[in-house]
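Structure first, then comments.
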Amino acid sequence: MPDRPPIVIDDCEVDGSSAVGHFRICDEQIPIRFSDVAPEPDTAVEAFAAIGQIMGMETHQSVVCRPRLSRTYHRTMSRFQAIHVAHFPDQQASPVLGARWPRGRPRRERPVDPATDDRRVGAFFSGGVDSLDLLVEWWDEIDDLVFVRGFDIEPDDVARNDDVTAWVRAEAEAAGKPLLVLETDIRRLLVPRSDWTWTVYGGLIATAILLGRTHRLVMCAASVADRHLPPEAHGHRASPFGNERSVLRIEGRIATRVEKLERVAASGLAKDSLRVCWQNVPGTINCGVCDKCTRTLVGLAAIDRLGHFSSLPDTVDLDRVAAHPAITRSDRAYLIEARDAAASTGHADVVEALDTALRVGAR
Numbered sequence: 005m006p007d008r009p010p011i012v013i014d015d016c017e018v019d020g021s022s023a024v025g026h027f028r029i030c031d032e033q034i035p036i037r038f039s040d041v042a043p044e045p046d047t048a049v050e051a052f053a054a055i056g057q058i059m060g061m062e063t064h065q066s067v068v069c070r071p072r073l074s075r076t077y078h079r080t081m082s083r084f085q086a087i088h089v090a091h092f093p094d095q096q097a098s099p100v101l102g103a104r105w106p107r108g109r110p111r112r113e114r115p116v117d118p119a120t121d122d123r124r125v126g127a128f129f130s131g132g133v134d135s136l137d138l139l140v141e142w143w144d145e146i147d148d149l150v151f152v153r154g155f156d157i158e159p160d161d162v163a164r165n166d167d168v169t170a171w172v173r174a175e176a177e178a179a180g181k182p183l184l185v186l187e188t189d190i191r192r193l194l195v196p197r198s199d200w201t202w203t204v205y206g207g208l209i210a211t212a213i214l215l216g217r218t219h220r221l222v223m224c225a226a227s228v229a230d231r232h233l234p235p236e237a238h239g240h241r242a243s244p245f246g247n248e249r250s251v252l253r254i255e256g257r258i259a260t261r262v263e264k265l266e267r268v269a270a271s272g273l274a275k276d277s278l279r280v281c282w283q284n285v286p287g288t289i290n291c292g293v294c295d296k297c298t299r300t301l302v303g304l305a306a307i308d309r310l311g312h313f314s315s316l317p318d319t320v321d322l323d324r325v326a327a328h329p330a331i332t333r334s335d336r337a338y339l340i341e342a343r344d345a346a347a348s349t350g351h352a353d354v355v356e357a358l359d360t361a362l363r364v365g366a367r
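If you're matching positions, the sequence shown starts at 5 in this note's numbering and goes up one per residue.
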């Protein structure tokens with residue numbers, strides 16, 4: 005790693021429903037809290053170690069974690085970091101240094117007997133296409149939906165958090181699944197220093213670990229299909245990430261975003277409440293014009309589903325589609341999927357607009 009100051013995790017405080025990890029970078033102390041969770045005292049620090057390591061890959065920093073970590077944690081996080089390195093070859097894994105194993109010993113593990121483990125299965129839920137498709141696909145296995153305030157909206161924006169929580173709660177109730185609403189201020193560590201769209205996985209793994217007393221597994225939906233990722237990432241992506249007590253598992257890795265849109269539309273879920281927008285405009289659920297709304301609309305147009313979801317416009321602006329960014333791997337993946345679907349359904353005007361976006365983005 006470059007000669008940069010490490011991310012230090014000095015300790016972790018836990019009570020029955022919250023956990024605080026104490027981070028230090030140079031002389032700056034940054035406590036990060038998760039509330040309304042169910043942490044196990046001896047494993048909770050691994051939640052914060054995951055945050056530190058995933059941030060460290062982005063910022064080219066190593067991690068010093070003073071409490072002990074388990075062998076299982078190290079093994080699963082090595083797999084996760086292999087995904088990142090395959091995706092971004094110019095980066096490298098963030099090692100845990102120094103006090104990783106005091107006196108040469110890892111944390112003693114407490115394996116769970118699957119035959120007697122009656123803890124629950126959760127699934128991260130935002131009310132969007134990926135999480136709704138995850139619910140459709142894994143309906144029988146999912147006990148609880150999990151929404152984390154402070155992930156995609158700044159925790160200080162209480163009014164907007166309240167609005168979005170109400171929307172998500174209504175969707176969960178309509179779907180007939182219990183909703184767990186958790187809260188964190190993790191963004192104040194990650195957002196100023198790294199790319200949230202990637203380092204959010206630190207928060208996802210951390211949440212799964214911090215629900216360890218009540219949940220053995222928390223699923224999250226893949227945002228990009230395996231076909232768009234380097235082949236060496238596929239096997240690692242199918243593995244669980246966490247420790248011997250509780251893990252995160254990424255599902256929905258095969259289907260395209262357009263295929264997920266079709267499945268969600270066919271399910272009848274969220275006809276009046278589908279939420280795809282991250283612009284967080286007060287008083288709206290979707291702005292209807294941002295890049296994320298635009299690519300959702302063009303996906304719906306490609307499969308003849310415009311107007312199916314009342315929370316989105318019933319038309320798509322093809323000039324806006326033609327101007328959609330197509331530089332990043334994920335942006336190009338979504339547009340290619342929509343283009344292929346539009347070609348198969350005979351929407352030549354949609355194909356032309358998407359070809360323009362892809363051609364301009366390739367320059």
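Even for Gly, the Cβ is constructed at its ideal location relative to N, Cα and C. All values derive from a computational prediction rather than experimental measurement.
Excluding sequence positions up to five before and after L339, its CB lies within less than 6 angstroms of the CB of A330, L358, A361, L362, all in the same chain and listed in chain order. In the DSSP annotation of this structure, the continuous segment of the alpha helix (DSSP H) that includes S135 starts and ends at 133 to 141. Counting the other Cβ atoms within 10 Å of the Cβ of T47 gives 16 or more, which makes it buried. P10 is a Cβ neighbour of V68, given a cutoff of 7 angstroms. A Cβ-Cβ separation of about 17 angstroms leaves H232 out of contact with A86 under the 8 angstroms criterion. When DSSP reads this structure, G126 sits in a beta bridge with D148, V222. The beta carbon of P43 sits closer than 6 angstroms to the beta carbons of V18, A23, L214 from its chain, once the five residues preceding and following it are set aside; these are given in chain order. Within the model, the alpha-carbon separation for S250 versus D144 is close to 19 angstroms. Sixteen is the threshold: when 16 or more other Cβ atoms of the shown chains lie within 10 Å of the Cβ of P71, as they do, the residue is buried. Taking 8 angstroms as the upper bound for CB-CB distance, R261 and V133 are in contact here, some 7 angstroms apart. Boundaries of the beta strand (DSSP E) around L252: 251 to 255. Note: F92 is not bridge-paired with any residue in the DSSP secondary-structure output. When secondary structure is reduced to three states using DSSP, R112 falls in the coil class, being assigned neither helix nor strand. Distances from the alpha-carbon of H328 to those of C297, A347, H351 put C297 closest.
The C-alpha of R83 lies about 24 angstroms from the C-alpha of W142.
Under the three-state reduction of DSSP, A361 is assigned to helix. Each of R153, D344, I34 was checked against the Cα of F129, and the nearest Cα belongs to R153.
Annotated as proximal: L138 and A225, with beta-carbon spacing under 7 angstroms. Annotation for H238: no beta strand (DSSP E) segment contains it, though the alpha helix (DSSP H) segment containing it runs 235 to 241.
Just measuring C-alpha positions, the residue of A274, P244, I58, T332 sitting nearest R220 is P244. No residue range can be given for S21, since it is assigned to no alpha helix (DSSP H) and is classified by DSSP as neither H nor E. The C-beta distance from G246 to A212 rounds to 5 angstroms, short enough to fall under 8 angstroms. Between E255 and S227, the alpha-carbon positions lie close to 9 angstroms from each other. Closest option to T288, judged by alpha-carbon separation, among S66, R333, S314: S314. Contact check for A306 against A269 fails: the beta carbons are separated by 7 angstroms or more.
As computed with DSSP, V67 is found in a beta bridge with I11, V100. Taking 7 angstroms as the cut-off, the Cβ atoms of L73 and A53 count as close. In this model, A97 and A229 are separated by some 23 angstroms (Cα to Cα). DSSP places S334 within a helical segment (H, G or I) once states are collapsed to three. Beta bridge pairing from DSSP links Q57 with no other residue. Here DSSP, grouped into helix, strand and coil, assigns I258 to coil.
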